[in-house]
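Here is the structure we will look at, set down as structure tokens.
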Amino acid sequence: MLIVACVKQVPDTTQVKVDPETGTLIREGVPFIMNPYDTHALEESLRLKDKYGFRVAVISMGPPSAEVTLRKTLALGADEAILLSDRVFGGADTLATSMVLTGAIKKLAEKEELAIVMCGRQTIDGDTAQVGPGIATRLGCSQLTLVDRVEEVDLKSKTLKVRRKLEGRHEVVSAPLPAMIAVLREINTPRYPSVPMRLEAEDSSIILWDNKVMQMDEATIGLKGSATQVRKIFSPERAKGEILGGEIDKPEDSARLLITRMVEKDLLSL
Amino acid sequence: MSATVIAFIIVLVLALAFFAYSCYRRFGLVLKGKPDNRFNSIGKRFWNMLFYAFGQRRVVKKPFGVNHFVLFWAFMILLISNTEFLLNGLAPDTISFSLLPDGAYFTLAFIFDIMSVLALIAVILAIIRRFTFPPPYVEAKSRDAFVILGLVAGLMIAFFGMNACEIAAGADRAGVWMPVANWVASWLPSGAAGLGTAARVFWWIHAVILLAFLDYLPYSKHMHIMTSIPNCFFKSLEKVKTQPREEFKKGNTFGVGEVESFTWKGLFDSYSCTECGRCSDACPATFTGKSLQPRLVIHDIKVNLLKNADKDGHKELPLIGGEGEGSVKEEVIWECTTCGACMEVCPVFIEHVPRIVDMRRHLVETKARFPEELLLLFENMEQRSNPWGIAPAERTKWAADIDVQPFEAGKTEYLFYVGCAGALDARNRHTTLSLAKIFDKAGISWGTLGRDEMCCGDSLRRLGNEYVFDRMAQANIKMFAEKGVKKIITQCPHCFSTLKNDYRQYGAELEVVHHTELINQLIKEGRLKLKSTPPDLGKVVYHDSCYLGRYNGIYDAPRRVITSATGSAPLEMERNRDNGFCCGAGGGRMWMEEKEGSLINVARVEEALKKQPDTVCVACPYCMTMFDDGLKDKEASDKVRVLDLAEIVANALPD
Ligand SMILES: Cc1cc2nc3c(=O)[nH]c(=O)nc-3n(C[C@H](O)[C@H](O)[C@H](O)COP(=O)(O)OP(=O)(O)OC[C@H]3O[C@@H](n4cnc5c(N)ncnc54)[C@H](O)[C@@H]3O)c2cc1C
Ligand code: SF4
Ligand code: SF4
Chain A
3 MLIVACVKQV PDTTQVKVDP ETGTLIREGV PFIMNPYDTH ALEESLRLKD
53 KYGFRVAVIS MGPPSAEVTL RKTLALGADE AILLSDRVFG GADTLATSMV
103 LTGAIKKLAE KEELAIVMCG RQTIDGDTAQ VGPGIATRLG CSQLTLVDRV
153 EEVDLKSKTL KVRRKLEGRH EVVSAPLPAM IAVLREINTP RYPSVPMRLE
203 AEDSSIILWD NKVMQMDEAT IGLKGSATQV RKIFSPERAK GEILGGEIDK
253 PEDSARLLIT RMVEKDLLSL
Chain B
280 MSATVIAFII VLVLALAFFA YSCYRRFGLV LKGKPDNRFN SIGKRFWNML
330 FYAFGQRRVV KKPFGVNHFV LFWAFMILLI SNTEFLLNGL APDTISFSLL
380 PDGAYFTLAF IFDIMSVLAL IAVILAIIRR FTFPPPYVEA KSRDAFVILG
430 LVAGLMIAFF GMNACEIAAG ADRAGVWMPV ANWVASWLPS GAAGLGTAAR
480 VFWWIHAVIL LAFLDYLPYS KHMHIMTSIP NCFFKSLEKV KTQPREEFKK
530 GNTFGVGEVE SFTWKGLFDS YSCTECGRCS DACPATFTGK SLQPRLVIHD
580 IKVNLLKNAD KDGHKELPLI GGEGEGSVKE EVIWECTTCG ACMEVCPVFI
630 EHVPRIVDMR RHLVETKARF PEELLLLFEN MEQRSNPWGI APAERTKWAA
680 DIDVQPFEAG KTEYLFYVGC AGALDARNRH TTLSLAKIFD KAGISWGTLG
730 RDEMCCGDSL RRLGNEYVFD RMAQANIKMF AEKGVKKIIT QCPHCFSTLK
780 NDYRQYGAEL EVVHHTELIN QLIKEGRLKL KSTPPDLGKV VYHDSCYLGR
830 YNGIYDAPRR VITSATGSAP LEMERNRDNG FCCGAGGGRM WMEEKEGSLI
880 NVARVEEALK KQPDTVCVAC PYCMTMFDDG LKDKEASDKV RVLDLAEIVA
930 NALPD
């Protein structure tokens, strides 16, 4: 049985600045990384692989340079890495992105029974948290978001049990397979790639699926298939920070001052 | 041939055969280790052996070492007498010193007599010492030690017994030339019947003890008697300042997870340990009550090698993470600061740090298993090329208010390699600014790499993440080559040592200078003028950074600079210079929690506070952080300040 982990390569947003004049992102020289949430999605997939013997396929839609990230997933222990890349996929919003990802998952499911689609909760560049649910909707499978623990997978009855983290409470739910799980970062601590695995990954090939392979209807994907358009990007004004309590000695007093200020600013309620 | 001779031949052949077999078994194991060329520069090696093994240079650095010196030399000289003794046993009528002319025979007899009594005294002192003021961190009262000491003492007593009986029987013409034996003889009834038989009995006791000693040696902790002289011959020709490179090819093993993956020298080291405990006595981890004791790491390697000797394939006792003797615990491997104090004091030049890093490599590279704090460090290093994961653009922030040139070959002479801490750590940025001021005052032509500067990778290498270090080193060297960088000034001793010693393994020919040396030179050449009335910093105590001092021998430059800048020489802590005590941050420990025992930095701060200083002078950003924290811990930060040497000098510059 198969787990498909969806992984996106994103610019290291802590290093991205918005050009105040043109309102566009200054991407020059900014390194790309694996979306941090997706490192946890991959890790959870690999843990389920170790425990239940699933095969893990990783898919990523993005430019050819996303290969670097996919190679990293192989070094970590993924069995297969597929890059979904074509000019016609470009300019996609969350709707069109989930169309392509769903198309790829369906194609994989033709050959091998699909158990789980594992996504991160959200990305650090798009930040919408819509792609996972979008995939679940389009696949017509169970949709489990905000998951912070996979309790168990029952391969006989083909169900799984997960814990969801909601405001102030946890919720344990079961659902039939196949299921889409969108994970929180608390779910696990990602592993570190061993050198033999890295060397193995350096030599293995990343599978490329363009639209010749995918055969998607061009009206449903890329810019054409996107329901939204970006009008403007800008950085919001930010009030200047202030350093509190330089003259205070005792940590208790610093804490008191800090809490008072936060309550005043409505950042904290007592 | 007499019956006695035949009996002796049988005993001797059996004893020698057993000895040869034991040596074959033990040394055969060493050959299982990985190759390591220790046969180059034979002349230099020979000299090292004379100087350090026969000269006992390091042994005598500790007061009781003199006792060992005496025992060693008595032993060496008595080797001649004992060889004669054995040969004489084989051919009593043809081989004997007594057949020599009087002058030669009497001289030898005198020397052997004196040496024997010296050896006996040294052994007795050693036994007394083990009961009264035992060496630190060793099992002073081990059975093995007393067996060996007892055998040596027995040998000497038998020697005197034999000679005394012969003298009393009037059978030895060298009588008066053997003062001790002669004195013993004076207690015996001279010319009495039975003295000849007694002499024969002592002769046999002497022979049996001698051969028992020989046969016991390879199984004893005192095997060093056989191995430490060659170990000084095979010692690293240069000071051990780095670890060897690894080749990243599929199918290779990375790091050392099984004892045979050490080099043969690594295994031979373990046979050479004299169990003197000096390394553990110098170790900051041991001192602060952690499980790491460098002596035991070396001991465990030996025990593991011996215990797993015959088991090819499946090893019952793992080298790392098993229980008890012969296995090194994971936390022990992580506790080392790579300060090098152990290697500095070891009388037989055992190389502890490369062994520890080898095992770290295994854990990181093969097992991907390490203390969890390191995951973030490793990710940050790989993604942002600094330990904190701060955006590289921040690297230029320290220079927001001053004018800094980018390095350009031809236009700027030196690259000022600021380093991660110098660029990104708020406290250490002050040091960086001070240095910029000093360079400008001295008219040095310098530039930086700005946001393109990458981490040198020191912590990664010491933590055993050689793969990522390797990538970073290559990227840096490529950038230096592209930009035409030849001369580099560093503010951090870790960058300094890494660029200078580690990058050399990649063929990088860089002229690297640490700011302490550069400033010293600038003052000496008169290029840097200091105020005639120095700023009042009160009493200044200087702390040696391990990677500046022990690793690179820079002890005097910072002290001279302090003297020039403050008008008086710095105070010295109890442990200083090559005996200096680590701040606790080296070897990647900066990024790890100190879970066991007390804190190393606090121990060092306590030592500094004993001198009642007003200022602690450091020359390393890690030491800066560790002292800052330690002083806070001791609630002394309002009384004592920590300054980098560069800050002291910048303060002393005329306006
Ligand atoms: C209005 C709008 C317009 C946009 N226009 C453009 C544009 O013109 N050009 C452009 O390049 N981008 C554009 N984007 C960005 C792009 O649509 C999103 O980055 C993309 O749809 C994924 O959404 P997200 O990043 O919010 O992912 P989220 O929904 O936050 O991600 C959730 C999870 O889905 C999975 N996932 C998301 N994206 C991928 C992927 N590509 N491959 C594999 N798994 C994935 C991951 O597991 C991730 O953790 C636009 C975004 C918006 C909101
Ligand atoms: S290098 Fe320092 S910390 Fe490590 S074992 Fe040696 S003395 Fe101890
Ligand atoms: S390793 Fe060296 S210093 Fe340490 S106990 Fe052995 S001989 Fe002594």
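The listed protein sequences correspond, in order, to chains A and B. In this text, residue positions in the first sequence follow the working numbering: the first is 3, and each later residue adds one. In this text, residue positions in the second sequence follow the working numbering: the first is 280, and each later residue adds one. From the three backbone atoms N, C-alpha and C, an ideal C-beta is built for every residue, glycine too. These numbers come from a predicted model, not from an experiment.
So is the beta-carbon of A/Thr130 under 6 Å away from any non-hydrogen atom of ligand 1?
-> Along the first sequence, one-based indexing puts residue 130 of chain A at 128. A/Thr130 Cβ: within cutoff of ligand 1.
Are any of the Cβ atoms in chain B nearer than 7 Å to that of A/Leu246?
-> The residue labelled residue 246 of chain A in the question sits at position 244 within the first sequence. A/Leu246 does not count as touching chain B.
When the Cα atoms are used, what is the spatial distance from B/Ile756 to B/Gln662?
-> The residue given as residue 756 of chain B occupies position 477 in the second sequence. The residue given as residue 662 of chain B occupies position 383 in the second sequence. The straight-line gap from Cα to Cα measures roughly 18 Å.
Distance between A/Asn213 and A/Val90 (C-alpha atoms, nearest Å) = The sequence position of residue 90 of chain A within the first sequence is 88, counting from 1. The sequence position of residue 213 of chain A within the first sequence is 211, counting from 1. If you take the alpha carbons of A/Val90 and A/Asn213, they lie about 8 Å apart.
B/Gln940 at chain A interface by Cβ criterion, 7 Å = Residue 940 of chain B is absent from the model: chain B starts at 280 and stops at 934.
Pair within 7 Å by beta-carbon distance, B/Gly536 and B/His641 = One-based indexing of the second sequence puts residue 536 of chain B at position 257. One-based indexing of the second sequence puts residue 641 of chain B at position 362. Yes, these two residues count as a Cβ contact at 7 Å.
For B/Leu888, which residues does DSSP report across the bridge?
-> Within the second sequence, numbered from 1, the residue matching residue 888 of chain B stands at position 609. Under the DSSP definition of a beta bridge, B/Leu888 lacks any partner.
Got a sec: is the Cβ-Cβ distance from A/Tyr276 to anything in chain B below 7 Å?
-> With chain A covering 3 to 272 only, the question about residue 276 of chain A has no answer from this structure.
Under the three-state DSSP convention, the category B/Ile484 falls into | Here the question's residue 484 of chain B lines up with position 205 in the second sequence. The answer is helix: DSSP assigns B/Ile484 an H, G or I state.
Do you know offhand how far B/Ser377's Cα is from B/Trp466's?
-> Numbered from its first residue, the second sequence carries residue 377 of chain B at position 98. Numbered from its first residue, the second sequence carries residue 466 of chain B at position 187. The straight-line gap from Cα to Cα measures roughly 24 Å.
CB B/Val940 to CB B/Gln522, shorter than 7 Å?
-> The shown model of chain B, from 280 to 934, leaves out residue 940 of chain B, and the question about it has no answer.
Enumerate in chain order the residues of its own chain whose CB-to-CB distance from B/Pro314 is below 8 Å, with the five nearest sequence positions on each side excluded.
-> Working through the second sequence from its first residue, we reach residue 314 of chain B at position 35. Once the five neighbours on either side are set aside, the close Cβ partners of B/Pro314 are Thr542, Trp543.
Give the secondary structure of B/Ser395 by DSSP, where H, G and I count as helix, E and B as strand, and everything else as coil.
-> Locating residue 395 of chain B in the second sequence gives position 116, counting from the first residue. Three-state DSSP puts B/Ser395 in a helix.
Along chain A, which residues have their Cβ under 8 Å away from the Cβ of B/Leu236?
-> Outside the displayed span of chain B (280 to 934) sits residue 236 of chain B, for which this structure offers no information.
At a Cβ cut of 7 Å, what residues of the segment 4 to 23 of chain A count as close to chain B, listed as they run along the chain?
-> The segment 4 to 23 of chain A vs chain B, Cβ under 7 Å: Asp14, Thr16, Gln17.
What is the rounded straight-line gap between the Cα of B/Leu739 and the Cα of B/Glu658?
-> The residue you call residue 739 of chain B lines up with position 460 of the second sequence. The residue you call residue 658 of chain B lines up with position 379 of the second sequence. In this structure, the straight-line span from the alpha carbon of B/Leu739 to that of B/Glu658 is close to 11 Å.
Residues that A/Ala184 bridges to, as DSSP identifies them | Locating residue 184 of chain A in the first sequence gives position 182, counting from the first residue. Bridge partners of A/Ala184 according to DSSP: A/Cys121.
Compare the C-beta of A/Ile35 with all C-beta atoms of chain B and state if any pair is closer than 7 Å.
-> The residue labelled residue 35 of chain A in the question sits at position 33 within the first sequence. Cβ-Cβ to chain B under 7 Å: yes for A/Ile35.
Rounded to whole angstroms, what's the CA-CA distance from B/Met584 to B/Ala282? Just pull it up for me.
-> Position 305 of the second sequence, counting from 1, holds the residue named residue 584 of chain B. Position 3 of the second sequence, counting from 1, holds the residue named residue 282 of chain B. Per the sequence shown, residue 584 of chain B should be read as Leu rather than Met. Spanning the alpha carbons of B/Leu584 and B/Ala282 requires a straight line of approximately 43 Å.
Who are the neighbours of A/Arg49 on chain C, taking C-beta pairs under 7 Å?
-> Chain labels in this structure do not include chain C; the protein chains are A and B.
Under 8 Å Cβ to Cβ from B/Tyr416, same chain only, skipping five residues before and after it: list those, please.
-> As a working mapping, residue 416 of chain B is identified with position 137 in the second sequence. Only Gly556, Ser559, Asp560, Thr565, Gln572, Arg574 meet the Cβ criterion.
Would you kindly report the start and end of the unbroken beta strand (DSSP E) that includes A/Met63?
-> Translated into the one-based positions of the first sequence, residue 63 of chain A becomes position 61. Its beta strand (DSSP E) spans residues 57 to 63.
For the alpha helix (DSSP H) containing A/Glu112, list its first residue and its last residue.
-> As a first step, residue 112 of chain A is located in the first sequence; it is residue number 110 there, counting from the start. A/Glu112 -> alpha helix (DSSP H) spans 96 to 113.
Anything in the segment 666 to 687 of chain B with a Cβ closer than 9 Å to a Cβ of chain A? List those residues in chain order, please.
-> Within the segment 666 to 687 of chain B, the residues whose Cβ lies closer than 9 Å to some Cβ of chain A are Gly668, Ile669, Ala670, Pro671, Ala672, listed in chain order.
Beta-carbon spacing of A/Val58, A/Ile5 below 7 Å = As a first step, residue 58 of chain A must be located in the first sequence, where it is residue number 56. As a first step, residue 5 of chain A must be located in the first sequence, where it is residue number 3. The answer is yes: Cβ separation under 7 Å.
For the beta strand (DSSP E) containing B/Phe318, list its first residue and its last residue.
-> Locating residue 318 of chain B in the second sequence gives position 39, where the first residue counts as 1. Where B/Phe318 is concerned, there is no enclosing beta strand (DSSP E), given that its DSSP letter is neither H nor E.
Going along chain A, which residues have a C-beta under 8 Å from B/Lys529?
-> In the second sequence, residue 529 of chain B corresponds to position 250, counting from 1. Neighbours of B/Lys529 on chain A, chain order: Pro198, Leu201, Glu202, Asp205.
With 7 Å set as the bound, which would you pick, yes or no: does the beta-carbon of B/Gln753 sit closer than that to a beta-carbon of chain A?
-> Taking the first residue of the second sequence as 1, we reach residue 753 of chain B at position 474. No - not a single Cβ of chain A is within 7 Å of the one on B/Gln753.
Pairwise C-alpha distance: A/Gly142 and B/Pro666 | As a first step, residue 666 of chain B is located in the second sequence; it is residue number 387 there, counting from the start. As a first step, residue 142 of chain A is located in the first sequence; it is residue number 140 there, counting from the start. The straight-line gap from Cα to Cα measures roughly 44 Å.
Below 8 Å between beta carbons is the criterion; list the residues of the segment 800 to 825 of chain B that meet it against any residue of chain A, in chain order.
-> Interface annotation for the segment 800 to 825 of chain B against chain A: empty, criterion Cβ-Cβ distance under 8 Å.
In terms of alpha-carbon separation, which member of B/Ala700, B/Cys734, B/Arg706, B/Glu692 lies closest to B/Gly726?
-> In the second sequence, residue 726 of chain B corresponds to position 447, counting from 1. Nearest of B/Ala700, B/Cys734, B/Arg706, B/Glu692 to B/Gly726, Cα basis: B/Glu692.
In three-state terms, what does DSSP make of B/Val683?
-> Position 404 of the second sequence, counted from the start, is the residue given in the question as residue 683 of chain B. In this structure, B/Val683 counts as coil in the three-state DSSP scheme.
Helix, strand or coil at B/Cys735 [DSSP, three-state] | Counted from its first residue, the second sequence places residue 735 of chain B at position 456. Here B/Cys735 sits in coil by DSSP.
Where B/Gly805 and B/Val928 are concerned, what is the direct C-alpha to C-alpha distance, given to the nearest angstrom?
-> Locating residue 805 of chain B in the second sequence gives position 526, counting from the first residue. Locating residue 928 of chain B in the second sequence gives position 649, counting from the first residue. Cα to Cα, B/Gly805 sits roughly 14 Å from B/Val928.
Please confirm if B/Phe533 has its CB atom under 7 Å from at least one CB of chain A.
-> For this step, residue 533 of chain B is matched to residue 254 along the second sequence. Cβ-Cβ to chain A under 7 Å: yes for B/Phe533.
Among B/Ala715, B/Gly865, B/Met733, which one has its Cα closest to the Cα of B/Leu797?
-> In the second sequence, residue 797 of chain B corresponds to position 518, counting from 1. For B/Leu797, the closest of B/Ala715, B/Gly865, B/Met733 by C-alpha to C-alpha distance is B/Ala715.
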